[in-house]
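Below is one structure, written out as C-alpha cells; comments come after it.
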Amino acid sequence: MANAIACKCCDHGVQLTARQEERRTTIRLVATFLGGAFVLNSFIATFAFPDDPERAGLSAFLGAVFLVGPLLAESVQGLLRGKVVMSQLAALAVAACFAREMYAEAGIVAFFLHLSFLVERRTALGAEESIESLIRLTPRSARLLDGSRELDIPVEPLAVGNVVRVRPGEVIPADGTIVAGQSSLNEASITGESLPRDKAEGDTVFAGAENCTGLIDVRVTQVGDDTTLGKVRHLILEAERTQLPVMRIIDRHVTWYTPTILMVAALILFFTGKSEAAIAALVVACPCALVMATPTAMVAGLTCAARLGILIKNVAHLESASELTAVVFDKTGTLTTGELAVTRLSPAPGVDAADLLKTAASLERHSNHPVAKALMRVAKEARVELLEAANTEELSGRGVRGRLQGRDVVVGRESWIASLGIDVSGMHPERSAQEGFSVLYVARDGKLLGWVGMEDHARPEARVAMDQFRELGVHNLTMLTGDRAAVAKRVADELGCTDVVAECLPEEKLKLVEAMKLRGLNVAVVGDGVNDAPALAAGNLGIAMGAAGSDIAVNSASVALMNNDLRRLPFLIRLSRLTRRVVYQNLIYGVAFIIFGESLAAMGWLSPIAAAVFHLLGSIPVIFNSARIVRYGEELAVRPVA
13 MANAIACKCC DHGVQLTARQ EERRTTIRLV ATFLGGAFVL NSFIATFAFP DDPERAGLSA
73 FLGAVFLVGP LLAESVQGLL RGKVVMSQLA ALAVAACFAR EMYAEAGIVA FFLHLSFLVE
133 RRTALGAEES IESLIRLTPR SARLLDGSRE LDIPVEPLAV GNVVRVRPGE VIPADGTIVA
193 GQSSLNEASI TGESLPRDKA EGDTVFAGAE NCTGLIDVRV TQVGDDTTLG KVRHLILEAE
253 RTQLPVMRII DRHVTWYTPT ILMVAALILF FTGKSEAAIA ALVVACPCAL VMATPTAMVA
313 GLTCAARLGI LIKNVAHLES ASELTAVVFD KTGTLTTGEL AVTRLSPAPG VDAADLLKTA
373 ASLERHSNHP VAKALMRVAK EARVELLEAA NTEELSGRGV RGRLQGRDVV VGRESWIASL
433 GIDVSGMHPE RSAQEGFSVL YVARDGKLLG WVGMEDHARP EARVAMDQFR ELGVHNLTML
493 TGDRAAVAKR VADELGCTDV VAECLPEEKL KLVEAMKLRG LNVAVVGDGV NDAPALAAGN
553 LGIAMGAAGS DIAVNSASVA LMNNDLRRLP FLIRLSRLTR RVVYQNLIYG VAFIIFGESL
613 AAMGWLSPIA AAVFHLLGSI PVIFNSARIV RYGEELAVRP VA
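In terms of our numbering, the sequence shown has 136 at position 124, counting the first letter as 1, and numbering is strictly consecutive.
And the structure:
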C-alpha cells in the first residue's frame with residue numbers, strides 16, 4: 013500500500029519499504045511458530061523422557077535459537093546504524109536467559125515478544141485495511157458502449173470520452189457525466205451521506221458510487237487515480253503516514269529511554285541479587301503500549317473522518333482543529349446553497365427585458381459561477397437564443413467582460429461597473445429589494461442596460477452548525493462575502509454570525525484572515541476552494557466545502573469536505589478533541605503500565621515468562637480504547653432534510 017511503512021514498536025523511527033516489511037513479518041512469523049513448536053516439544057519431552065534431560069534441553073535450545081535470532085539481528089542492525097532502538101531491551105532480556113542456559117525461558121519470553129509484535133503489526137495493518145476498504149470501491153470491469161454493442165472490459169483501459177453503461181446495483185467505474193437515463197446513487201463512499209441522491213442527464217457522477225435504481229449511460233471524464241475516489245485514496249494514505257507532534261516527541265526521547273531502563277534493571281539486580289527480576293524488568297519495559305498510543309488513535313480518527321466524507325491531509329491538522337477559536341466563512345456556496353435564482357429583471361428605460369437577459373446570459377454562458385448558472389437556467393426557461401461571446405474575461409469578485417456581436421459588454425457588481433465610468437445612479441433597486449436581492453448590473457458599449465436581482469438561501473443545517481460552534485467555545489464566527497452589505501447582513505442575522513464583512517474581494521479576505529491571526533486567534537477558513545484559495549491557505553486550518561469532483565477544492569485546503577453538510581465542521585472539532593483525549597489516555601496508561609510492571613519485577617513478583625505475557629496483554633487496552641473512535645459521529649451519515 014505504501015512506499016514506506018513505519019514499524020512503530022520494535023525499531024521505532026526506521027522506515028521500511030513495503031516489500032522489506034512483508035519479508036520481515038513473514039520471517040518473524042515462521043520463526044515464531046517454528047521456535048514455539050520446539051519449545052513446546054521440550055516440555056513434552058521432559059514428561060515423556062524424564063531420564064533423558066538432554067533431549068528436552070536440545071529441543072529448548074533449538075527453539076530459543078529460532079526465537080531469539082530475529083530479536084538479536086534487529087538490535088545489532090540498530091547499533092550498526094548508530095541508533096538506540098527499543099527492541100534492544102527485549103534482546104538483552106532473552107540474551108541474559110540464554111547466557112544462564114535458561115533456554116526454555118528464553119524461548120518462551122521471545123515467543124510472547126514476537127506475538128506482541130505480530131499483534132501490533134496486525135493492528136496497524138487492520139487500520140490501514142479499514143481505510144483501504146473505504147476507498148477500494150471501484151469495480152474491476154465496465155460495460156463500454158461501442159455503437160449498439162455492450163463490451164465487458166477491465167476498468168484500466170477506460171479513457172476520457174468513453175461511454176459506459178451502469179445497471180442498477182452496479183458501481184460507477186469512473187468519474188463522468190450522465191448522457192442518458194436517470195437514477196438514485198448512493199455516494200456514501202465519496203460524501204459520507206447515507207441517503208441516495210437523485211441524478212439525471214447532465215449530472216456529474218463519481219467512481220465508487222453505487223447505482224441504486226435506474227439504467228444510466230455515463231460519459232467518462234476522469235479515470236484511475238485522477239478520479240475523485242483516486243484523489244481521496246491518495247490523500248487519506250498520505251495523512252496516515254504523517255505524525256502528530258507527540259509522536260515526534262517519542263522519537264526524540266527514545267535515545268534516553270533504553271539507557272534509563274538498563275539502569276533500572278541494573279539497580280534491581282544490585283539490590284535484589286536476582287537476575288530473573290532484572291530480566292523481567294527488561295521484558296516488561298518494552299513500550300509497545302506506549303508507542304502504539306498515538307498511531308492507533310490517529311488512524312482511528314482519520315478513518316472516522318474519511319467515513320463521513322472529511323478528508324484530512326495531515327494528521328497535525330486533526331490535532332489543530334481542537335484549538336480553533338474563530339471560524340471565517342465565505343457566504344455563497346458555503347453558508348448559503350449557492351444555487352442563486354433570478355427573481356427580478358429591471359431593464360433601463362427603452363431596453364427590452366429579453367434583451368437584458370439575453371445579453372447577460374450570453375456573456376456568462378461559459379462560466380461556472382453560481383450567477384452564471386442562475387442566468388442560464390432562466391434563459392433556458394424563457395427559451396432565449398443565446399449569442400456566442402468573444403474575448404471573455406472573468407474578474408474574481410468583480411464580474412465578467414467580453415464582446416457580443418462586436419460590442420463591449422460587462423456584467424458585474426455595482427462598484428466595478430461604476431469604476432468603468434458607467435452611470436448606475438438612476439437604476440438602484442428600491443430599498444425593500446435591497447434587503448433580499450443580490451444585484452448584477454449589465455452594460456453594453458458603456459451604457460447601462462439594467463440590473464438582474466438574484467436570491468440565495470441559507471443552508472438548512474447552517475444555524476444548527478453555528479449553535480454547535482458556540483457550544484464548543486468557538487464564539488468568533490465571521491462571514492466574508494463579495495455581496496452587498498444589505499444582503500450579507502440579512503444572512504448573517506439569520507444564521508447568528510458575530511461579524512460580517514461585505515463587498516470583500518479575495519485579496520481583502522486574505523488580509524482580514526491575517527489580521528485575525530495577529531490578534532492571537534486560531535482561525536479556520538471555510539470556503540468553496542475556488543475564489544477563497546488565498547484565504548484558505550492563510551488560515552490556521554483551511555476547509556474546502558463540497559470538494560467532491562473539484563480539483564481546486566481538494567488541493568487548496570488542509571481539510572476537504574466531500575459534501576456541503578455544515579454540521580461536519582463542529583463535528584471535526586469534537587473528533588479532534590476526542591482523538592487528543594484518547595491519545596493522552598493511552599499515553600498515561602502506557603506510562604502507568606511500565607511503572608507498574610517495573611515495580612512488580614523489582615519486588616520479585618514477576619518472572620521473565622510472566623513479564624512476557626504481561627507485556628503482550630498490556631497492548632490490548634490501547635487497541636480497544638482507540639478503536640472506539642472509528643464509529644464516532646454515525647448520526648452525521650444521514651443528510652439533513654431541507
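Heads up, the beta-carbon is just placed ideally off N, CA and C, and yes, glycines get one too.
- Taking the CA atoms as reference points, aspartate 540 sits about 12 Å from threonine 493.
- Per DSSP, tryptophan 463 is one residue of the beta strand (DSSP E) stretching across 459 to 467.
- At a Cβ-Cβ threshold of 8 Å, asparagine 552 and glycine 321 do not count as neighbours.
- Membership of aspartate 210 in the beta strand (DSSP E) is indicated by the continuous run 209 to 211.
- The DSSP-derived three-state label of valine 363 is coil.
- Within the segment 542 to 627, the runs of alpha helix (DSSP H) at least 4 residues long that lie entirely inside it are, in chain order, 545 to 550, 563 to 568 and 580 to 614.
- With contact defined as three or more Cβ pairs closer than 8 Å, the segment 412 to 421 and the segment 494 to 513 are not in contact.
- Glutamate 113 sits exposed, since fewer than 16 C-beta atoms from the chains shown fall within 10 Å of its C-beta.
- Taking a cut-off of 8 Å for Cβ pairs, the segment 368 to 377 and the segment 517 to 527 do not touch, as fewer than three such pairs fall below it.
- Of Thr591, Asp435 and Val121, the smallest CA-CA separation from alanine 305 is found for Thr591.
- The DSSP-derived three-state label of serine 631 is coil.
- In this structure, the beta-carbon distance from glycine 193 to valine 217 does not fall below 8 Å.
- Following the DSSP letters along the chain, one finds glycine 313 inside the alpha helix (DSSP H) bounded by residues 300 to 319.
- Residue state for threonine 349 is assigned as coil, using DSSP reduced to three classes.
- Across the set Val625, Ala107, Met275 and Ala301, the C-alpha of Ala107 shows the shortest separation from the C-alpha of serine 87.
- Of Asp215, Pro169 and Asp229, the smallest CA-CA separation from arginine 161 is found for Asp229.
- Secondary structure note for valine 499: its alpha helix (DSSP H) is the uninterrupted segment 497 to 507.
- The Cβ atoms of methionine 439 and alanine 360 sit closer than 8 Å to each other.
- Counted as a single uninterrupted DSSP element, the stretch harbouring serine 196 is not any alpha helix (DSSP H) but the beta strand (DSSP E) occupying residues 195 to 198.
- Beta-bridge annotation (DSSP): glycine 414 is paired with Val421.
- Glutamate 162 is bridged by DSSP to Leu157.
- Secondary structure in the segment 36 to 108: no beta strand (DSSP E) run of 3 residues or longer lies completely within the stretch.
- Taking C-beta atoms as the reference points, leucine 578 and glutamate 506 fail to come closer than 8 Å.
- A straight-line Cα-Cα distance of about 39 Å links alanine 549 and aspartate 457.
- Sorting Ser153, Leu330 and Val295 by C-alpha distance to the C-alpha of leucine 274 places Val295 at the top.
- Here alanine 604 is exposed, its C-beta having fewer than 16 other C-beta atoms within 10 Å.
- A direct Cα-Cα distance of roughly 13 Å separates glycine 220 from proline 208.
- Here tryptophan 617 is exposed: its Cβ has fewer than 16 other Cβ atoms, across all protein chains shown, within 10 Å.
- In the three-state DSSP reduction, glycine 214 falls in the coil class, being neither helix nor strand.
- Of all C-beta pairs linking the segment 332 to 345 to the segment 298 to 314, fewer than three are shorter than 8 Å, placing the two stretches out of contact.
- According to DSSP, residue pairing for alanine 536 in a beta bridge involves Val339 and Leu553.
- Within the same chain, Cβ atoms closer than 7 Å to the Cβ of lysine 343 are found at Met491, Thr493, Asp495, Ala500 and Val503, the five residues on either side in sequence being excluded.
- Between alanine 391 and leucine 369, the C-beta spacing is below 8 Å.
- Taking the CA atoms as reference points, isoleucine 607 sits about 57 Å from proline 166.
- Assigned with DSSP and collapsed to three states, aspartate 435 falls in coil, not helix or strand.
- The closest CA to that of glutamine 597, considering only Leu83, Leu581, Pro582 and Ala301, is found on Ala301.
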